[in-house]
Amino acid sequence: MKNYLLLLAAVLILVGCNPPAQPSFMLALGQNVLSVAQGNSVQVGLTLTPQSGLTGTVNLALLSPPEGVTLSPSSVNISGSAPQSVTLTFATTGATPIQDHTLTLEASQGSLKKTVTLTLKVTGFTVSLDPTSATINPGQSASTTLTITPQNGFSGTVNLALQSPPEGVSLNPSSVNVTGSGAQNFALEIQTTGATPIQAHTLTLQASQGNFSASASFELTVTAAPQPNFEIALNPTAGTVVQNGSASATLTITPKNGFSGTVNLALQSPPTGVTVSPASVTVSGSNPQDFTLSFSTTTATPTGPQTLTLVATQGSLSKTASFELTVTSFNISLSRSSTLRAQGQGFSDFDLTLTPEAGFSGTVDLSLLSPPSGISIGPTSLTASGPVTLTVDRTVPEGVYNLTVKAESGGLTRTAPLTLRVLRATTLAAGGNFSAAVKLNGEVWSWGDNTYGQLGRVTTDTSDSTPASVNPTNDVVSLSLGEYHALALIQDGTVRAVGRDDFGQLGDGPTDSSSTNSTINLVTPSLPSNAKVVAVEAGRYYSLALLSDGTVYAWGRNDVGQLGIGNTTSPQEAPVQISGLTDVIALAAGDDHTLALRSDDSIWVWGDNPNGELGTGNNDPYTNPVPLAGITARAIAAGGNHSVALLVDGTVRTWGYNNHGQLGNGTTTSSNTPVMVSTPVMVSALSGVEAIEAGYEFTLARLSDGTVKSWGDDSTFQLGNGATTGDQTTPVDVLGIASDRTVRGLAAGFFHALALLDNGSVVAWGSNVQGQLGDGTDNSSDEAKPVSITEVRVPPVPAP
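If you count the sequence shown from 1, position 545 lands on 556 in my numbering, and the numbers rise without skipping.
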């Protein structure tokens, strides 16, 4: 206890000896490092702790502050003894350097001063744009990259804006966040609207944080939005076409700026007849699109080069492209406007001239326009002028056909008329005492007298009563037989001859080419190399050939002018043209007189005329053809010394020798002018006559009902009427033909007759002394009886 009292006493002594403490304060900052963007302010808490009863105002100030740095508040009031806190604001300006600053804060009251230090980090950034310009249309956006480079550790949100932007211009985004210390890139989009003025704009990008900002310029050019548009091109840009044809090209349309829709196509001031198709196309999508165009012409389009201007339009938009079109053409002509053919013939006897225009070249297709069945033309194509082959099938009826030869190339058609007369092919023939027929396959069969090899085949005897094949070539279309020689017309327009040749009737020149039954000499008459024969006619000792141009050649015996060549020089061993005789369509030859039927239905005659067989009204011979006045006919026939004509009105006229009533007019008086067949009572019986034939001294007529009438000499039953009453001066019926068969062809020899039935079989009647009836015997027949040959070619019914 004592010690305690002593200690207490000492303390009391010490207290009484020292003076009391002075008022004071202590300073403390909430943080000693502050960061602020240039031009902005930063706050920090300050704690003042009073000591020894300090109260009153304490002044605050910065000692030697950096430029632009200020402090607020400038004082603080202290009351009480508890620590007091105050928020200090350090403000900067744009002049404050961006760097670290050491600030000294002084707090003072009178002479009492306290200080504290802190670091003020003034930060900032720089900005740049890349690219710095763009050109766009109203409503479009421009893109650029904003680069922000922090300074002195800047970070945080940077606000972005355009300074006084033009109408409709905006920026996106409106702020970015900067972190880290390196340069940082941000994608910006400058947007416009339809209201943005069309001009150049200088935009100022303002990047800011608080009062700190950095700017960059951007040149924005706003131009008018391009209108939808298109471009066109043609490939190829040139072509060649024949008149009435067309050339093709590919049209490429390249759409631009969203172009689409219908594009109309037309030619600007096109040449006559030139058009383009299609008239419009539809474009969709953004890629180039191809369309096939056709530039068409007509026959009226001028030939030569033509520059076409293709105009493609849509509304007010119009584009053009050129196309060089060369228009060519051609024409055709025939060297002959009419020609003749026998049924079954085909050959060339005229040329087609192809005349090119404006550089035409290429192939022309050749054909007949709507040809009748069985008539054709060749070749089917050609590239230059040349011969044309006209073929007539065996099935084509005789008659006149108005054909049109058609040449086509590239759509152009040229035509040329051609008149064709088809002559009836004689497939059944009778001569002196022999006969022959052409079968379906073109093979010739013959029978009867063969003394001079006129059958065209070797026989063991001078005659053969059984029909047999002659030629294996199967190319014969028609026959004609004389007394001892035979003529065969070939498909190609040539002629073969065989038999007796002592008067040059075979026509192969000065050499006697007569054959025998054991030695056959088949020859070719010496006609001009370009001659095309369509009919042959054998007289007794002479021969005739009708050419496709309607002219006639004759050869053989000519002692009374029977060749019609203006003289009586005989024999003529080679063919001679009969001068002045044209447009002939049929021939008939008798013993020594000749008839020709022309296309105008007139009859011309020449040769011997002692019995009026020429019908000229006198008995004078003629060495040149003369016309018969006042008579028009469609068929002619010549007997030994008489003549027969089937007139265009269907009646039959005869003239000449009439000793056996062969004129059929009810008398036996010869006539040197044409007379009516039969008496008035019989005229009606001969109506509808379709064909006539004349034997040596008898006559035959085929009626439309397929029956046969005969009149004249019947000394060897050649009338076939089954009677033994002798000659008939008026027509009588031929008997023995089956009632279910009709006659389609007739042949009259010297003293026998043949009929071709509709089934291709043959019947015969009359003299058979040398087997000319072909029944295997030498017995004559007074009525029709079958011949041992079938499948003879039956000529078709004549064309209407």
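The beta-carbon is built from N, C-alpha and C at its ideal position, and this holds for glycine as well. All values reported here derive from a predicted model rather than from experimental measurement.
So which of the options has the shortest CA-CA distance to residue i?
{"i": "residue 649", "options": "711, 162 and 590", "result": "711"}
{"i": "residue 113", "options": "100, 94, 133 and 124", "result": "133"}
{"i": "residue 140", "options": "108, 209, 226 and 635", "result": "226"}
{"i": "residue 217", "options": "553, 171 and 541", "result": "171"}
{"i": "residue 85", "options": "106, 120 and 551", "result": "120"}
{"i": "residue 640", "options": "678, 460, 683 and 619", "result": "683"}
{"i": "residue 82", "options": "129, 550, 60 and 90", "result": "129"}
{"i": "residue 311", "options": "94, 241, 330 and 424", "result": "424"}
{"i": "residue 80", "options": "67, 386 and 102", "result": "102"}
{"i": "residue 746", "options": "721, 737 and 739", "result": "721"}
{"i": "residue 451", "options": "535, 355 and 510", "result": "355"}
{"i": "residue 387", "options": "191, 402 and 373", "result": "402"}
{"i": "residue 373", "options": "349, 421 and 381", "result": "421"}
{"i": "residue 532", "options": "497, 449 and 541", "result": "497"}
{"i": "residue 771", "options": "785, 786, 803 and 751", "result": "803"}
Please look up how many angstroms separate the CB atoms of residue i and residue j, rounded, as I've assumed it's under 8 Å.
{"i": "residue 53", "j": "residue 63", "result": "33 Å between Cβ atoms; not a contact."}
{"i": "residue 352", "j": "residue 545", "result": "6 Å"}
{"i": "residue 614", "j": "residue 576", "result": "Not a contact, Cβ separation roughly 19 Å."}
{"i": "residue 427", "j": "residue 344", "result": "6 Å"}
{"i": "residue 625", "j": "residue 618", "result": "7 Å"}
{"i": "residue 338", "j": "residue 362", "result": "Their Cβ separation, rounded to whole angstroms, is 27 Å, which puts residue 338 and residue 362 out of contact at 8 Å."}
Do you know how far the Cα of residue j is from the Cα of residue i?
{"i": "residue 433", "j": "residue 392", "result": "25 Å"}
{"i": "residue 234", "j": "residue 175", "result": "20 Å"}
{"i": "residue 723", "j": "residue 666", "result": "13 Å"}
{"i": "residue 730", "j": "residue 788", "result": "19 Å"}
{"i": "residue 162", "j": "residue 228", "result": "20 Å"}
{"i": "residue 657", "j": "residue 699", "result": "10 Å"}
{"i": "residue 214", "j": "residue 207", "result": "13 Å"}
{"i": "residue 610", "j": "residue 775", "result": "32 Å"}
{"i": "residue 153", "j": "residue 219", "result": "22 Å"}
{"i": "residue 807", "j": "residue 408", "result": "5 Å"}
{"i": "residue 72", "j": "residue 221", "result": "25 Å"}
{"i": "residue 471", "j": "residue 529", "result": "7 Å"}
{"i": "residue 568", "j": "residue 254", "result": "58 Å"}
{"i": "residue 603", "j": "residue 492", "result": "15 Å"}
{"i": "residue 160", "j": "residue 77", "result": "24 Å"}
{"i": "residue 3", "j": "residue 156", "result": "Residue 3 cannot be examined here, being either before or after the span of the chain that is shown, 12 to 811."}
{"i": "residue 634", "j": "residue 628", "result": "16 Å"}
{"i": "residue 570", "j": "residue 620", "result": "13 Å"}
{"i": "residue 314", "j": "residue 236", "result": "47 Å"}
{"i": "residue 316", "j": "residue 282", "result": "11 Å"}
{"i": "residue 212", "j": "residue 181", "result": "13 Å"}
Which same chain residues, not among the five before or five after residue i, have their C-beta less than 8 Å away from its C-beta?
{"i": "residue 562", "result": "588, 589, 592, 593 and 595"}
{"i": "residue 124", "result": "117 and 118"}
{"i": "residue 754", "result": "713, 717, 718, 719, 748, 766, 767, 768 and 769"}
{"i": "residue 732", "result": "721, 725, 739, 743, 744, 745, 746, 793 and 794"}
Using a Cβ-Cβ cutoff of less than 6 Å, which residues in the same chain neighbour residue i once the five nearest sequence positions on both sides are dropped?
{"i": "residue 480", "result": "454 and 456"}
{"i": "residue 727", "result": "762, 777, 778 and 791"}
{"i": "residue 622", "result": "652, 667, 668 and 681"}
{"i": "residue 187", "result": "169 and 197"}
{"i": "residue 462", "result": "473"}
{"i": "residue 286", "result": "307"}
{"i": "residue 179", "result": "203, 204, 206 and 207"}
{"i": "residue 527", "result": "464"}
{"i": "residue 414", "result": "379, 429 and 431"}
{"i": "residue 758", "result": "439, 440, 441 and 765"}
{"i": "residue 655", "result": "648, 665, 703, 705 and 710"}
Looking only at its chain, what residues have a beta carbon closer than 7 Å to the beta carbon of residue i, apart from the 5 residues adjacent to it on each side?
{"i": "residue 248", "result": "333, 334 and 335"}
{"i": "residue 42", "result": "55"}
{"i": "residue 543", "result": "358, 360, 504, 558 and 559"}
{"i": "residue 513", "result": "523 and 525"}
{"i": "residue 223", "result": "48, 49, 50, 51 and 135"}
{"i": "residue 200", "result": "152, 154 and 183"}
{"i": "residue 16", "result": "Low local confidence applies: a pLDDT of 49 at residue 16 is under 50, so the model's placement there is unreliable, with the coordinate-based value given in what follows. Taken in chain order, the list of residues that qualify is empty."}
{"i": "residue 780", "result": "444 and 789"}
| request: Ignoring anything shorter than 4 residues or poking outside the region 321-383, list the alpha helix (DSSP H) runs there in chain order. | output: none
| Contiguous beta strand (DSSP E) assignments of at least 3 residues, all confined to the region 382-439 | 386-389, 397-403, 410-420 and 423-434
| Start-end ranges of the beta strand (DSSP E) lying completely within the region 740-808, minimum 3 residues | 754-759, 763-768, 773-777 and 792-797
| request: Give, in chain order, every unbroken run of the beta strand (DSSP E) that is at least 3 residues long and sits entirely within the region 477-512. | output: 487-492, 496-501 and 506-510
| query | Curious, which full-length beta strand (DSSP E) runs of at least 3 residues does the region 192-247 contain? | reply | 195-202, 211-220, 223-233 and 240-246
| Any beta strand (DSSP E) of 3 or more consecutive residues that is wholly inside the region 119-197 | 123-141, 144-147, 152-162, 167-173, 181-183 and 186-189
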